[in-house]
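S.K.: Just dropping this structure here.
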Amino acid sequence: MIPYKLTVRNFMCYREDVPPLLFEGIHIACLSGENGAGKSTLLDAITWALWGEARGKSDDDLIALGSNDMEVDFEWQLEGAFYRVIRRRTKGKRTGLSIVELQVQTADGSWRRLSGDSVRDTNAQISELLRMSYATFINSAFLMQGRADEFTNSTPQARKQVLGDMLGLADYERLEKQAKQRRDRAELHLREREGVIADYEQKAQHLPLIKADMAAAEVRVTAAQQVVNATEAQAAALREHMQQLRQIAERQATVQAQLTDCEQRLAELELALTQLQTRVTAHHTVVAQSGTILAQYETLQNQQLSLHAMDQRRDQAMELRELWHEQRDIVSAAKAAIDAELSKAQHELTLLEEQTEGQQDYEQQVTSLQAETTRFAALQTEHEHVRQMEASLAEQLSAGDQLALEQSQYERIIDQARGEIEKVLHSLEQTIERCQPQVERVTTIEASLASIEAQLVTFDDQAATMNALQTNVAELEREEARLQEQMQTITKQGKETKSKLDLVQAGSGICPVCHSELGAAGLQTVVDQYTEQQTTLRAELRAVKRRQEDALTQVTAHRSTIATLEAALQKRSTVERKQATTLLQREQAESARNELLTAQAELTIYNQRLEHRSYAEAAQAHLQTIQQRIAALGDLQAMRQQREQLRTIIREHERELSAAPQAERRLAEAEVQLRACRLAAQRLPTARKLVDQLQGRLDNEDYAQEARSKRNTIRQQYDALAYSKDEHAILKADVERLLPAERRKQELERAITDLERDEQQLGRDTELLAYHNLQITTDRAELAELMLRLREQREVEFGLREAEASLERTRETLANAQKELGSIEGDLRHCNEMIEQLQIYRQQATRFAEEHALFAELTEAFGKKGLQAMLIENALPEIEHEANQLLARITDHQMHVTLDTQRDTKKGDTIETLDIRIADGLGTRDYAMYSGGEAFRVNFAVRIALSKLLAHRAGASLKTLVIDEGFGTQDGKGRERVIEAINAVADDFARVLVITHIQELKDQFPTQIEITKGSYGSTWRIT
């Protein structure tokens, strides 16, 4: 993965309109800027875009203050293709919204979408594409600020996980899982086929008995069918007779319902005749009172007309009263408005009179304060002149102090240069002393390597033998388990056969399988078959038992041999570690020889430089120039005394001038009050005139003249109307009293209309009554005849039920016989099919056994103790070599790291681990015992070694190195060595990004990305 382009918006300290950062053409670059400017934030933007993670912060915390959303657009190159990821985040009231989109550049330069269905799917696609997680990245190629010791301080298990991710061991874990699934599936199929084979072999022996059972079942089906046919004929005759009786019963029910309905209608008709006669009598009574009813109705109509006229006069009176009240309210409102205006004018007049009383006092106060402010202005001019004199002296003294500071700095630089040469000489002497014994051990190391290689050849032979024995043991154990199951099946079959033989020999003459009669000849045949089966099963059981015992004997012998080989192979890892250590010692000895020659030459050169003072020559020249400039400045002590006198005068001026703002404020307030008094005196006559005018209008009632006139006119109209409430009430009472006359007139009209109709209906109902009486007599005669014909119905029903019950029983017997016959036919077909399938299942069982053995071997090969362990073991020497080469360069061969994959416990056992042991001139110490600078060098060397491993691994590689800390813990020499180490490994990476705020390190890099932060956020510039 090689960064190509980064675009951010509202990401932490970067806000809107930040230009894209192009990495094209950059090999090694330094990201520089003040603390807090946003150097590390750029790297956070890259990791957040790729993995959605950035230094432990939540997504919403990454959004710039005052913004509600952010976006990072990152493009990178991978194996010749260009990819792009766009990640956005928007704040929400409860939970925010995250969007991520993955794209790849096509041949025409456009972008094609690769995103998944969700954010989680797309994140997984990105990790799969890069073939690394965020944890792998920050543990290897990204030395994050504050977390350079991420890998060193991790647990052994975590370190192995990171190393496994770098080596792509997840692919082997996936292959192991797939192989294990295929192995388990093959074993499951094998067990299923073996069980089916044993079951089919047992059932195939029952074929003769099944054929005999089938012949007897066919005889039983024929006899049952004949009984069913006879019973069905008897039941059919009884059903026909019963159908005739049901028709007679239906006619009886119809006649009975007809009779009941006719009797009910007759009763209803008699009741209706009685009610009709009562209504006719009532109609005659009402018609006789018609004269009185009509006279009362005429009087009611006259009174209602008078009441309507009175209601109209009442409505007119109410309308006039409302109009009079409206005009009265208008007059009152006009008077109230003038009262309010008069009150306001009187209040303003009073305020103006009060303001004009203090005008003379304010004029005197303004004159006095103007004289005082003039004196303060003159004092301020003098104060500025003294301050300029003091500033000039301060500038000269500052220049002298700066020269003195530079003088001390150059003296310190010269001393440090001399001290550095002395340290180098001491280091070179130590290097010579340390390398000489290592060069002398080369012969001994070569002899030790030859002996170790011979031991490893022996271990390979023993491992091959043990693997072969383990495979043979697994096959024997499967064979023993299958034989055990076969013995159990044979034993069960023997018991079943003995039980059937005992049943036959008891003399019952019934087949134990189909329960039919056997006869003498059939009985003897069955006994002979069961006896022969017993003999065969006993012989088969003895043979299987002997094979099982042989298998157990071989397993015991093989396991003993395997235990002996395992005990011997436990020493292999120790010998392999010893081989790796010895190879490293040989390489270190050769490196020490080259280092010894270089150190001896350098020792001569540095001694000459120290003797002739050939160090810090530019600093010595600068020191001489500074000393001359200090002498040219003059007496600095006299200048300091003069400056102190001027400061005393300045403080006195400042004390007097502190009262100036208060005097100016008092002058401004007095001038404002004076202007207010003069303005009030001008407005006073106008205010008095307004008050007099308003009071005159109130006294003369000069307001709302039109409303007053309308109010008088409305009063005259109301008096002319002459409306009386008492007269109105008397008319209402008369109308209420006469209202029943209207109802009685309506009753008279209905009685005249209904009388003729009811008399006609009375004649028709009398004729219908006679007809219903005749119909009832006829129905009763027919009903008596039908009841005589239905007396035999119960006897016929009983006979039919008996016949149908007998038919049901015979049909059930037939169905059972047919079912039994069908079952036996199915058993016969199944037995024939099983005999055909048995050979197929035996072939399948053989194939699944071979497949199980193959995938069991692959599971072990892909497992943690197989290829994975081999890859880690092969990678560790490379990591140690790279880390120690870098450590030798930046620590002057003073430090060394070792990676151990096994450790002895207190109990004496050996456990798998991944420990980092660090050694220096004082011996091996714990990581926490080293200083910050020393710890950083170890972390730096290990992480660079991991990064180089990651950069050259197969698959999607990482061609980028990022260093975001550590220089502050190093002294000058340490920084130079770290820079040299970075330049040395730079060719292994396409991009190297180094972050620092140390000024002297910036010039060490060919490209600088300068980060600046202003009021509108951070931005960058490439130089």
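The sequence shown begins at 15 in this note's numbering and counts up one residue at a time. Ideal placement from N, C-alpha and C gives every residue a C-beta, glycine not left out.
I need the DSSP call for Lys1027, collapsed to helix, strand or coil.
M.R.: As a first step, residue 1027 is located in the sequence shown; it is residue number 1013 there, counting from the start. Strand at Lys1027.
S.K.: Apply the 10 Å Cβ neighbour rule to Gly1028 and answer buried if 16 or more other Cβ atoms are within range, or exposed otherwise.
M.R.: Against the sequence shown, residue 1028 aligns to sequence position 1014. Exposed: under 16 other Cβ atoms inside 10 Å.
S.K.: Looking at the secondary structure, which residues open and close the alpha helix (DSSP H) in which Tyr186 lies?
M.R.: In the sequence shown, residue 186 corresponds to position 172, counting from 1. Leu183 to Lys217 is the extent of the alpha helix (DSSP H) around Tyr186.
S.K.: List the residues that DSSP assigns as beta-bridge partners of Val118.
M.R.: For the purposes of this step, residue 118 is taken as residue 104 along the sequence shown, with counting starting at 1. BP columns for Val118 point to Tyr97 and Arg126.
S.K.: What residue range is occupied by the uninterrupted beta strand (DSSP E) comprising Gln916?
M.R.: Counting from 1 along the sequence shown, the entry for residue 916 is found at position 902. Segment Met909 to Asp918, the beta strand (DSSP E) holding Gln916.
S.K.: What do you get for Phe950, buried or exposed, if any count of 16 or more other CB atoms within 10 angstroms of its CB means buried?
M.R.: Position 936 of the sequence shown, counted from the start, is the residue given in the question as residue 950. By the 10 Å Cβ count, Phe950 comes out buried.
S.K.: Starting from Ala59, trace the alpha helix (DSSP H) in both directions and tell me its first and last residue.
M.R.: Mapped onto the sequence shown, residue 59 falls at position 45. That run of the alpha helix (DSSP H) goes Lys53 to Trp65.
S.K.: Just to confirm the assignment: which complete beta strand (DSSP E) runs, minimum length 3, are found wholly within the segment 224–279?
M.R.: none
S.K.: Does the segment 369–377 come close enough to the segment 616–624 to have 3 or more Cβ pairs within less than 8 Å?
M.R.: no
S.K.: Per DSSP, what kind of secondary structure is Ile40 in: helix, strand or coil?
M.R.: Residue mapping note: residue 40 aligns to position 26 of the sequence shown, counting from 1. DSSP places Ile40 in coil when its eight states are reduced to three.
S.K.: Just reading off the alpha helix (DSSP H) that Phe812 is part of, what are its end residues?
M.R.: By one-based count along the sequence shown, residue 812 stands at place 798. Start and end: Gln807 to Phe876.
S.K.: If we ignore side chains and look at the alpha-carbon of each, how far apart do Val911 and Ala1004 end up?
M.R.: Stepping through the sequence shown from its first residue, residue 911 is reached at position 897. Stepping through the sequence shown from its first residue, residue 1004 is reached at position 990. In a straight line, the C-alpha of Val911 is about 27 Å away from that of Ala1004.
S.K.: From the DSSP output, which residues share a beta bridge with Leu515?
M.R.: Taking the first residue of the sequence shown as position 1, residue 515 is located at position 501. According to DSSP, Leu515 bridges with nothing at all.
S.K.: Confirm the yes/no value for this check: CB of Glu666, any heavy atom of the ligand COA, distance under 7 Å.
M.R.: No copy of the ligand COA occurs in the structure displayed, which carries no ligand at all.
S.K.: Give me the Cα-Cα distance between Leu769 and Ala755, rounded to the nearest whole angstrom.
M.R.: Residue 769 sits at position 755 when you count from the first residue of the sequence shown. Residue 755 sits at position 741 when you count from the first residue of the sequence shown. CA-CA distance, Leu769 to Ala755, rounds to 21 Å.
S.K.: Rounded to whole angstroms, what is the Cα-Cα separation between Leu133 and Glu38?
M.R.: Position 119 of the sequence shown holds residue 133. Position 24 of the sequence shown holds residue 38. Before going on, a small fix: residue 133 reads as Val here, not Leu. Going by the C-alpha atoms only, they are around 29 Å apart.
S.K.: What does a CB cutoff of less than 6 Å around Gln547 pick up in its chain, not counting 5 residues either side in sequence?
M.R.: Translated into positions along the sequence shown, residue 547 becomes position 533. Excluding sequence neighbours, Gln547 sits near Thr511.
S.K.: Restricting to Cα atoms, I'd like to know which of Gly110, Ala172, Arg103 and Ala43 is closest to Leu928.
M.R.: Position 914 of the sequence shown, counted from the first residue, corresponds to residue 928. Out of Gly110, Ala172, Arg103 and Ala43, the CA that lies nearest to the CA of Leu928 is found in Ala172.
S.K.: Taking 8 Å as the threshold (C-beta atoms), are Gly1031 and Tyr28 in contact?
M.R.: Residue mapping note: residue 28 aligns to position 14 of the sequence shown, counting from 1. Residue mapping note: residue 1031 aligns to position 1017 of the sequence shown, counting from 1. For the pair Tyr28 and Gly1031, the CB atoms are nearer than the 8 Å cut-off.
S.K.: Please check the pair Ile886 and Leu36, which I expect to be a contact at CB under 8 Å, by giving their CB distance rounded to whole angstroms.
M.R.: Within the sequence shown, numbered from 1, the residue matching residue 886 stands at position 872. Within the sequence shown, numbered from 1, the residue matching residue 36 stands at position 22. Between Leu36 and Ile886 the Cβ distance is about 39 Å, and since that is not below 8 Å, they are no contact.
S.K.: Using the rule of at least 16 other Cβ atoms within 10 Å of the residue's Cβ for burial, across every protein chain shown, is Ser961 buried or exposed?
M.R.: Here residue 961 corresponds to residue number 947 of the sequence shown, with the count starting at 1. Buried: at least 16 other Cβ atoms inside 10 Å.
S.K.: Could you tell me the distance, in whole angstroms, from the CA atom of Val749 to the CA atom of Asn714?
M.R.: As a position in the sequence shown, residue 749 is number 735, starting the count at 1. As a position in the sequence shown, residue 714 is number 700, starting the count at 1. Cα to Cα, the separation comes out at about 55 Å.
S.K.: From this set, Arg1035, Ile1025 and Asp73, which residue's C-alpha is nearest Lys53's C-alpha?
M.R.: Sequence index remark: in the sequence shown, residue 53 carries index 39 (1-based). The shortest Cα separation from Lys53 among Arg1035, Ile1025 and Asp73 belongs to Ile1025.
S.K.: Please classify Glu89 as buried or exposed, where buried requires at least 16 neighbouring CB atoms within 10 angstroms.
M.R.: Position 75 of the sequence shown, counting from 1, holds the residue named residue 89. With 16 or more other Cβ atoms within 10 Å, it is buried.
S.K.: Using a Cβ distance threshold of 8 Å, determine whether the segment 474–488 contacts the segment 562–578, with at least three qualifying pairs required.
M.R.: yes
S.K.: In or out: Glu625 buried (at least 16 other Cβ within 10 Å) or exposed?
M.R.: Position 611 of the sequence shown, counting from 1, holds the residue named residue 625. Exposed, by the Cβ-count rule.
S.K.: Give the straight-line distance between the Cα atoms of Tyr214 and Arg561, rounded to the nearest whole angstrom.
M.R.: Walking along the sequence shown from the start, residue 214 turns up at place 200. Walking along the sequence shown from the start, residue 561 turns up at place 547. Each residue's Cα considered, the two are about 22 Å apart.
S.K.: Buried or exposed, going by whether 16 or more other CB atoms sit within 10 Å of the CB of Thr109?
M.R.: Locating residue 109 in the sequence shown gives position 95, where the first residue counts as 1. Thr109 comes out exposed.
S.K.: Hey, would you say Gln476 sits closer than 8 Å to Leu579, going by beta carbons?
M.R.: The residue given as residue 476 occupies position 462 in the sequence shown. The residue given as residue 579 occupies position 565 in the sequence shown. Yes. Within cutoff.
S.K.: Going by the beta-carbon positions, is the gap between Ile42 and Thr1021 smaller than 8 Å?
M.R.: As a first step, residue 42 is located in the sequence shown; it is residue number 28 there, counting from the start. As a first step, residue 1021 is located in the sequence shown; it is residue number 1007 there, counting from the start. Result yes, Cβ atoms of Ile42 and Thr1021 sit closer than 8 Å.
S.K.: Tell me Gln91's beta-bridge partners as DSSP assigns them.
M.R.: To locate residue 91, count along the sequence shown from 1; it is residue 77. Ile16 and Phe96, per the DSSP bridge assignment.
S.K.: Please return the same chain residues whose Cβ sits closer than 7 Å to the Cβ of Leu337, not counting the five positions on each side in sequence.
M.R.: Translated into the one-based positions of the sequence shown, residue 337 becomes position 323. Same-chain partners within the cutoff: Ile728.
S.K.: Beta-carbon within less than 8 Å of Phe165's beta-carbon, same chain only, minus the 5 sequence neighbours each way: which residues are those?
M.R.: Against the sequence shown, residue 165 aligns to sequence position 151. Counting only Cβ-Cβ distances below 8 Å, and skipping sequence neighbours, we find Asn153, Ser154, Arg173, Val176, Asn953, Val956, Arg957 and Leu960.
S.K.: Looking only at its own chain, which residues have a Cβ that is under 8 Å from the Cβ of Cys276, when we skip the five neighbours before and after it?
M.R.: On the sequence shown, residue 276 is found 262 positions in, with the first residue counted as 1. Answer for Cys276: His786, Gln789, Ile790 and Asp793, listed in chain order.
S.K.: For Glu494 and Met909, I'd like the C-alpha separation in whole angstroms.
M.R.: By 1-based counting over the sequence shown, the position of residue 494 is 480. By 1-based counting over the sequence shown, the position of residue 909 is 895. So the alpha carbons of these two residues sit roughly 59 Å apart.
S.K.: For Glu874, which residues in the same chain have their Cβ closer than 8 Å to its Cβ, ignoring the five residues on either side in sequence?
M.R.: The count along the sequence shown starts at 1 and reaches residue 874 at position 860. Cβ within range, chain order: Gly880.
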